[in-house]
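Chains as they are written, first to last, in the working numbering: chain A, 31 to 95; chain B, 152 to 496.
For glycine and all other residues, C-beta sits at the position ideal for the given N, C-alpha and C.
Read through the structure below, which is laid out as structure tokens, and then see the notes.
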């Protein structure tokens, strides 16, 4: 994944500096990110029984911890 | 009538239906009918511990202590032409879920991940109205590869409405169980889906049941249905007599028509579990999606002691589940053994 600054919420896709994202952070404990934090593009997400990947066409792939 | 009298009558009615259920379901194995299920759903929180205990007794007597553990994976995510109002994979809503296909090596890896948890069932799911030739080919190749690489797991499928030829193809592939949910009661279904009918779903279920595959047919509760419609749904599932009923609780998904509905109350969810067990005393009743949000850790335990005898471990199709190790530790704590491969519940 790109090392560029994360500007957007992975759950709702809105700018992190615009409003609070506590509820989004809570949701991200139980679902993978859908939006790229760098460009807010919708990512291609594949969930498997014990892992997930989220791919941004511009900024690469995120994987589950 | 005073509030105190109301409460007394509710408690009395609650104990009455529990006494009936104890004699009818626990002792004789005869499922509750729709009116009786409704009476159970109308019981108050004061009766809930007794209700859950009875449902647990019914499960232990008619199914045994074993718990069937299953993993699921989406082979084709998103872009579905149907408009199921709860589903983030419909192409008709502004959901953030994008379309993606899982390749065969990744599918096999997912089956291996599932088997490594101790699960004996692995269900391949596709977000489609029904399978086209591309999907059937992917299924054929995928199931063959899984059976070669992961012999210690049964393969199930859930790929929408089927033709008779497709049912036969799936039997030939060695699909052990087919999932096709009713989702909602017949009377509420038009508020949930408009692109196909409840009867079309019913027909696919009947074909599967006649095919020799096991039928898995479940539902989603907490979608705004009335308790009367929830009782109707349980009775309709009872009429269909599936081998397994997966019970989902609505997890409102952003961008869907049901995205702003509230979560079901945990006590209501537990009462629903118990009512479904009393309606389906011999059926595999599986915890499916939404339990983490609706019930949390404590509720998960209460459900397993209130009629549930199967779980989906790990992640769901587009959302994440509990750590499989936590669920397996809970089963061990409850002294509920995992069902062995090919043993009948």
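>> Suppose the cutoff is 6 Å on Cβ atoms and the five residues either side in sequence are ignored; what does the same chain contact list for residue 453(B) look like?
In response: Working through the second chain from its first residue, we reach residue 453(B) at position 302. Counting only Cβ-Cβ distances below 6 Å, and skipping sequence neighbours, we find 421.
> Three-state secondary structure (DSSP) at residue 191(B)?
Replying inline: By 1-based counting over the second chain, the position of residue 191(B) is 40. Helix, per DSSP.
> Three-state secondary structure (DSSP) at residue 162(B)?
Replying inline: The count along the second chain starts at 1 and reaches residue 162(B) at position 11. Reliability fails at residue 162(B), whose pLDDT of 48 lies under 50, so the model's placement of it is uncertain and the value that follows must be treated cautiously. In the structure shown, residue 162(B) sits in a helix (DSSP, three-state: H, G or I).
>> Using CA atoms only, rank isn't needed, just tell me which of 235(B), 430(B), 247(B), 210(B) is closest to residue 345(B).
In response: Numbered from its first residue, the second chain carries residue 345(B) at position 194. Residue 345(B) has its Cα closest to that of 235(B), out of 235(B), 430(B), 247(B), 210(B).
> By the criterion of Cβ-Cβ separation under 8 Å, what are the contact partners of residue 225(B) in chain A?
Replying inline: Numbered from 1 along the second chain, position 74 holds the residue referred to as residue 225(B). Near residue 225(B) (Cβ distances below 8 Å), the residues of chain A are 76, 77.
> Can you list the residues of chain C that residue 61(A) reaches, using a CB-CB cut of under 8 Å?
Replying inline: Of the chains in the structure shown, none is chain C; the protein chains are A and B.
> Is it a yes or a no for the stretch 241-256 of chain B touching the stretch 207-219 of chain B, going by three-plus beta-carbon pairs under 8 Å?
Replying inline: Contact fails: fewer than three Cβ-Cβ distances are below 8 Å.
> From residue 329(B) to residue 359(B), what distance separates their C-alpha atoms?
Replying inline: Along the second chain, one-based indexing puts residue 329(B) at 178. Along the second chain, one-based indexing puts residue 359(B) at 208. Going from the Cα of residue 329(B) to the Cα of residue 359(B) covers about 7 Å.
> Opposite residue 252(B) in the DSSP bridges: which residues?
Replying inline: Taking the first residue of the second chain as position 1, residue 252(B) is located at position 101. Its beta-bridge partners are 227(B).
>> Less than 8 Å between C-beta atoms, sequence neighbours within five positions excluded: which residues of the same chain meet that for residue 273(B)?
In response: By 1-based counting over the second chain, the position of residue 273(B) is 122. 221, 222, 223, 224, 261, 262, 265, 266, 297, 301, 304, 305, 306, 307.
> Along the chain, where does the alpha helix (DSSP H) that runs through residue 273(B) open and close?
Replying inline: What you label residue 273(B) is simply residue 122 of the second chain in a count that begins at 1. Per DSSP, residue 273(B) lies in no alpha helix (DSSP H); the unbroken beta strand (DSSP E) holding it starts and ends at 272-277.
>> Can you check whether the C-beta of residue 248(B) is within less than 8 Å of a C-beta belonging to chain A?
In response: For the purposes of this step, residue 248(B) is taken as the residue at position 97 of the second chain. Proximity of residue 248(B) to chain A, defined by a Cβ-Cβ separation below 8 Å, is satisfied.
> Should residue 352(B) be labelled buried (16 or more other beta-carbon atoms within 10 Å of its own) or exposed?
Replying inline: One-based indexing of the second chain puts residue 352(B) at position 201. Burial check for residue 352(B): the Cβ neighbour count within 10 Å reaches 16 or more, so the residue is buried.
> Does the stretch 284-296 of chain B touch the stretch 235-244 of chain B, meaning 3 or more C-beta pairs lie closer than 8 Å?
Replying inline: Flag = no, the stretch 235-244 of chain B and the stretch 284-296 of chain B do not touch.
>> Helix, strand or coil, according to DSSP, for residue 93(A) in the structure here?
In response: Your numbering for residue 93(A) matches position 63 in the first chain. Of the three classes helix, strand and coil, the one that applies to residue 93(A) here is strand, per DSSP.
>> Whole angstroms are fine: how far does the CA of residue 456(B) sit from the CA of residue 207(B)?
In response: Residue mapping note: residue 207(B) aligns to position 56 of the second chain, counting from 1. Residue mapping note: residue 456(B) aligns to position 305 of the second chain, counting from 1. As the crow flies, the alpha-carbon of residue 207(B) is around 5 Å from that of residue 456(B).
>> For residue 388(B) and residue 36(A), what's the separation of their Cα atoms in angstroms?
In response: Reading the second chain from its first residue, position 237 is the one you call residue 388(B). Reading the first chain from its first residue, position 6 is the one you call residue 36(A). C-alpha separation (whole angstroms): 48 Å.
>> With a threshold of 8 Å between beta carbons, is residue 72(A) in contact with chain B?
In response: Position 42 of the first chain holds residue 72(A). Judged by the 8 Å Cβ criterion, residue 72(A) is in contact with chain B.
> Does DSSP put residue 155(B) in a helix, a strand or coil?
Replying inline: What you label residue 155(B) is simply residue 4 of the second chain in a count that begins at 1. Note that residue 155(B) has pLDDT 46, beneath the 50 cutoff, so the model's placement of it is unreliable and no number is given.
> Quick one: any contact between the stretch 438-452 of chain B and the stretch 64-71 of chain A, if contact means 3 or more CB pairs under 8 Å?
Replying inline: The stretch 438-452 of chain B, when compared against the stretch 64-71 of chain A, does not touch it at the 8 Å Cβ threshold.
>> Just to check my reading of the structure: residue 423(B) and residue 381(B) have Cβ atoms closer than 8 Å, yes? What is that Cβ distance to the nearest angstrom?
In response: Here residue 423(B) corresponds to residue number 272 of the second chain, with the count starting at 1. Here residue 381(B) corresponds to residue number 230 of the second chain, with the count starting at 1. Their Cβ separation, rounded to whole angstroms, is 6 Å, which keeps residue 423(B) and residue 381(B) in contact under 8 Å.
>> Given this structure, state the Cα-to-Cα distance separating residue 165(B) from residue 190(B), to the nearest angstrom.
In response: Taking the second chain and counting its residues from 1, the one referred to as residue 165(B) is at position 14. Taking the second chain and counting its residues from 1, the one referred to as residue 190(B) is at position 39. Residue 165(B) and residue 190(B): Cα-Cα distance of roughly 8 Å.
> Nearest-angstrom Cα distance between residue 152(B) and residue 400(B)?
Replying inline: To locate residue 152(B), count along the second chain from 1; it is residue 1. To locate residue 400(B), count along the second chain from 1; it is residue 249. Note that residue 152(B) scores 43 on pLDDT, short of 50, meaning its location in the model is unreliable and no value can be drawn from it.
> residue 210(B) and residue 460(B): beta carbons closer than 8 Å?
Replying inline: By 1-based counting over the second chain, the position of residue 210(B) is 59. By 1-based counting over the second chain, the position of residue 460(B) is 309. Closer than 8 Å, so yes.
>> Any beta carbon from chain A within less than 8 Å of residue 413(B)'s own beta carbon?
In response: Here residue 413(B) is taken as the residue at index 262 of the second chain, counted from 1. It does not: the Cβ of residue 413(B) has no partner Cβ on chain A nearer than 8 Å.
> So does the stretch 194-202 of chain B actually touch the stretch 370-386 of chain B, counting three or more Cβ pairs closer than 8 Å?
Replying inline: The stretch 194-202 of chain B is not in contact with the stretch 370-386 of chain B.
>> Using a Cβ-Cβ cutoff of less than 6 Å, which residues in the same chain neighbour residue 340(B) once the five nearest sequence positions on both sides are dropped?
In response: Position 189 of the second chain holds residue 340(B). Excluding sequence positions up to five before and after residue 340(B), its CB lies within less than 6 Å of the CB of 349, all in the same chain and listed in chain order.
>> Give me the chain A residues within the contact set of residue 264(B), using Cβ-Cβ distance strictly less than 9 Å, ordered along the chain.
In response: As a working note, residue 264(B) is residue 113 in the second chain. 78, 79, 80, 81, listed in chain order.
> Given that residue 43(A) touches chain B, what residues does it touch there, using C-beta distances under 9 Å?
Replying inline: For the purposes of this step, residue 43(A) is identified with residue 13 of the first chain, where counting begins at 1. Residues of chain B passing the Cβ test: 247.
> Counting only beta-carbon atoms, is residue 47(A) nearer than 8 Å to chain B?
Replying inline: Position 17 of the first chain, counted from the start, is the residue given in the question as residue 47(A). Not one chain B Cβ lies under 8 Å of residue 47(A).
>> Starting from residue 463(B), trace the beta strand (DSSP E) in both directions and tell me its first and last residue.
In response: Reading the second chain from its first residue, position 312 is the one you call residue 463(B). Unbroken beta strand (DSSP E) run through residue 463(B): 461-463.
>> If we define contact as Cβ-Cβ less than 8 Å, is residue 50(A) a contact residue for chain B?
In response: To locate residue 50(A), count along the first chain from 1; it is residue 20. Among the CB atoms of chain B, none fall inside 8 Å of the CB of residue 50(A).
> Do residue 89(A) and residue 69(A) have their CB atoms nearer than 8 Å?
Replying inline: Looking up residue 89(A) in the first chain gives position 59. Looking up residue 69(A) in the first chain gives position 39. Cβ distance < 8 Å, so residue 89(A) and residue 69(A) count as in contact.
> Is there a Cβ from chain A that is less than 8 Å from the Cβ of residue 259(B)?
Replying inline: The count along the second chain starts at 1 and reaches residue 259(B) at position 108. Chain A, which has no Cβ nearer than 8 Å to the Cβ of residue 259(B), makes this no.
> Using a Cβ-Cβ distance under 8 Å, would residue 454(B) count as near chain A?
Replying inline: In the second chain, residue 454(B) corresponds to position 303, counting from 1. Judged by the 8 Å Cβ criterion, residue 454(B) is not in contact with chain A.
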